[in-house]
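S.K.:
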Amino acid sequence: MSSNTELVSTYLIVERRSADHEKEMSVPIVTYVYDDGSEHTVQVAVASSLMRTALRNEVRGIVGECGGAATCGTCHVYLDHSTEQFAPPSGDEDEMLEWTAAPRAANSRLSCQLVPTQEGAQLVVRVPAEQV
Amino acid sequence: MRGVVVIGAGHAGVEAATSLRAGGYSGPVTVVGAEGRPPYQRPPLSKEMLDDGGDPEALALRSDAFFDDRRIALRHGPAVDIDRAGQQVHIAGDRPLDYDHLVLATGAAPRRIALRGRSLGGVAELRTLDDALALRASLAGAERMVVLGGGFIGMEVASAARKRGVEVSVIELADRLLKRAVSPPVSAAVAAHHRAEGVRLCFAEQATELVGSAGHVTGVRMGSGRVLPADLVVLGVGATAEDGLARRADLATDGGVLVDRWLATSDPRIIAIGDCAVVCDPGAGTRQRLESIQNATDQGRYAAARILGEKRPYRAVPWFWSNQGSLRLQLVEVAGESDQLVVRGDGARFTVFCLRDGRLTAVESVNDPGTHMAARRLLERVTPSEAELVAVDYDVRALARRVMARETAVA
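Chains as they are written, first to last, in numbering that gives the first Met the number 0: chain A, 0 to 131; chain B, 0 to 410.
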């Protein structure tokens, strides 16, 4: 009985792994672009924001001091291109964006609030020179 | 070159190390942690990490490769002693580290209180990720939680527990919540929020004993003799600076490691930053120890700049936030003694302007992030007088815009 259970659970894990693997094939991709023309392209892990993705991948220029609570305004980016449609900034994010270190533009966002979920999504964000 | 040793792998220590490299420091940089884990973020420990789904892996401050690439060595301590004459730090079970500059970023630990029953099962404290994971597991089986202390940690934990359907009572010795940190109108709003979420608040009460059965806590006895039933008790009665290492090394300490305006301890080769440091400004007659991310990261950056030759003293406008369920509290500066409070907004969303001697000293916002950010930008630049604030009916957005526009015009 117990060995049966074990077999079933092993099978389930194998199933899940392959599902994860497929997902990895088409994870969202983000390119961070800088004023000096340099860029940095990385994959976005499941349920990861563009702020967290930047910090985990050594992408410079994004501070994220508050850890993603939309409360410090130090993960400001300009969303230049995205194949995924995001909801517009919430009231709180909208207010924070008025006071970021670099000036706000029509496509300004807090990258901690951008969590791409669409398979194969492609995004390009410009990183401002100043965050603090 | 002996290099820089940073003791403490929290937000302050990691910021100091990474800022050294970002600033071009080429000598050895070593960060000594005490927890045997790579550096992680602390604010979520009392918030998201207490939810069922919070992923501990997502807390990593940086990737392992990040530290490797920057030649920042992470050593698992703890550091046990500083040999100031020999400029060496002794590490438990490891070879000593030489330093040109030593940065103490040892943080703060939950205040120890003498309370009978505190070693019973089901009595929790919150400082580390391990503490948070243990508390999260306890919350899964808990029915009634009592929090001792109505401070930030206690109230954030209360929110997380309510979200998970646990009954919550908070026992606070003072007559209101967050008394040491915020003005009465903010305390009242925080209390109303928690009451609406079903949290029971007991003010002017003190726990005298934790009672238990079969080694597990069953209740909290209060001064009145009444026992509040509980199967989980969280001690949230504040924190004290971790200054034991500094004291053993005969550095000046008094409720933390004493530092001057350049964050130097009584030994000029040793800097102290973050929760463990008490900044003394004899000219202004102030001594300030802050427990916040802003203070940790700003002082971390400054420590690196100082080692790289910065001559100006440390200066930053303190700010702070606390998310308690849907309530967002944001503070700029520390109010201390105010002689005038001006409130703008309504019950659900408002800001308190704290003044002393006719000058703005602190700004406390409840669900009002735009005003908070404007106040930060303003106080980074000027300290407005009451007359200037009255002239714009306390519209700090307008005032900040004007001050910033003047700056641009001058530039």
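A virtual CB, placed ideally from N, CA and C, is assigned to each residue, including glycine.
#1: Quick one: Cα of residue 288 of chain B to Cα of residue 10 of chain B, how far?
#2: Just to confirm my understanding: we take residue 171 of chain B, look at its own chain, exclude 5 residues before and 5 after, and list those with CB closer than 6 Å. What are they?
#3: Keeping to the same chain, check which residues put their C-beta closer than 8 Å to that of residue 341 of chain B; ignore five residues upstream and five downstream.
#4: Helix, strand or coil: which one does DSSP assign to residue 80 of chain B?
#5: Tell me the DSSP bridge mates of residue 211 of chain B?
#6: Over what stretch of residues does the beta strand (DSSP E) that includes residue 166 of chain B continue unbroken?
#7: Below 9 Å on C-beta distance, what does residue 91 of chain A contact in chain B?
#8: Nearest by alpha-carbon distance to residue 267 of chain B: which of B:281, B:251 and B:405 is it?
#9: Report back the beta-carbon spacing between residue 131 of chain A and residue 73 of chain A to the nearest angstrom; my notes put them in contact at under 8 Å.
#10: For residue 109 of chain B, which residues does DSSP report across the bridge?
#11: Starting from the beta carbon of residue 54 of chain A, find every residue of chain B whose beta carbon is closer than 7 Å, and list them in chain order.
#12: With a threshold of 8 Å between beta carbons, is residue 40 of chain B in contact with chain A?
#13: Would you kindly check if the distance between the Cβ of residue 42 of chain B and the Cβ of residue 292 of chain B is under 8 Å?
#14: When burial is assigned at 16 or more other CB atoms within 10 Å of the CB, is residue 90 of chain B buried or exposed?
#15: Mind checking residue 106 of chain A: buried by the 16 CB within 10 Å criterion, or exposed?
#16: Does any C-beta atom of chain B lie closer than 8 Å to the C-beta of residue 119 of chain A?
#17: With C-beta atoms as the reference, is residue 158 of chain B less than 8 Å away from residue 196 of chain B?
#18: Determine the direct distance from the alpha carbon of residue 304 of chain B to that of residue 404 of chain B, and round the result to whole angstroms.
#19: Once DSSP output is grouped into helix, strand and coil, what is the label at residue 144 of chain B?
#20: Hey, could you find the ends of the beta strand (DSSP E) residue 322 of chain B is sitting in?
#21: Select from the segment 15-49 of chain B all residues with a C-beta closer than 7 Å to any C-beta belonging to chain A, and list them in chain order.
#22: I'd like to know whether the C-beta of residue 72 of chain A is nearer than 8 Å to at least one C-beta of chain B.
#23: Are the CB atoms of residue 147 of chain B and residue 84 of chain B within a distance shorter than 8 Å?
#24: Taking CB distances under 8 Å as the criterion, tell me whether residue 154 of chain B reaches chain A.
#25: Determine which residues share a DSSP beta bridge with residue 75 of chain A and list them.
#26: Between the Cα of residue 23 of chain B and the Cα atoms of B:358, B:124 and B:69, which residue gives the shortest distance?
#27: Taking a contact to mean a Cβ-Cβ separation below 8 Å, would you say residue 264 of chain B touches residue 14 of chain B in this structure?
#28: Going along chain A, which residues have a C-beta under 9 Å from residue 112 of chain B?
#29: Please list the partners that residue 51 of chain A has in chain B, where partner means a Cβ-to-Cβ separation under 8 Å.
#30: Within 10 angstroms of its Cβ, does residue 42 of chain A collect 16 or more other Cβ (buried), or is it exposed?
#31: Using the beta-carbon of each residue, which ones in chain A are nearer than 9 Å to residue 68 of chain B?
#32: Within the segment 246-321 of chain B, note down every full alpha helix (DSSP H) run reaching 4 residues or more, in order along the chain.
#33: Pull up the distance between the alpha-carbon of residue 21 of chain A and that of residue 72 of chain B, whole angstroms please.
#34: Between which two residues does the beta strand (DSSP E) containing residue 57 of chain A stretch?
#35: Taking the alpha-carbon positions, what's the residue 109 of chain A to residue 96 of chain A distance?
#36: Quick check: the segment 304-313 of chain B against the segment 322-333 of chain B, are at least 3 beta-carbon pairs closer than 8 Å?
M.R.: A quick look at the data gives this:
#1: 16 Å
#2: 149 and 202
#3: 351, 352, 354, 388 and 393
#4: strand
#5: B:216
#6: 166-170
#7: 327, 366, 368 and 369
#8: B:251
#9: 6 Å
#10: B:238
#11: 61
#12: yes
#13: yes
#14: buried
#15: exposed
#16: no
#17: yes
#18: 29 Å
#19: strand
#20: 318-323
#21: 40, 42 and 43
#22: yes
#23: no
#24: no
#25: A:109
#26: B:69
#27: no
#28: Here the premise fails: no neighbours, minimum Cβ distance about 29 Å.
#29: 57
#30: exposed
#31: 57
#32: 292-306
#33: For residue 21 of chain A, the predicted model reports a pLDDT of 47, less than 50, meaning its position is unreliable and no value from the coordinates is stated.
#34: It is not in any beta strand (DSSP E) - residue 57 of chain A carries neither H nor E in the DSSP assignment.
#35: 7 Å
#36: no
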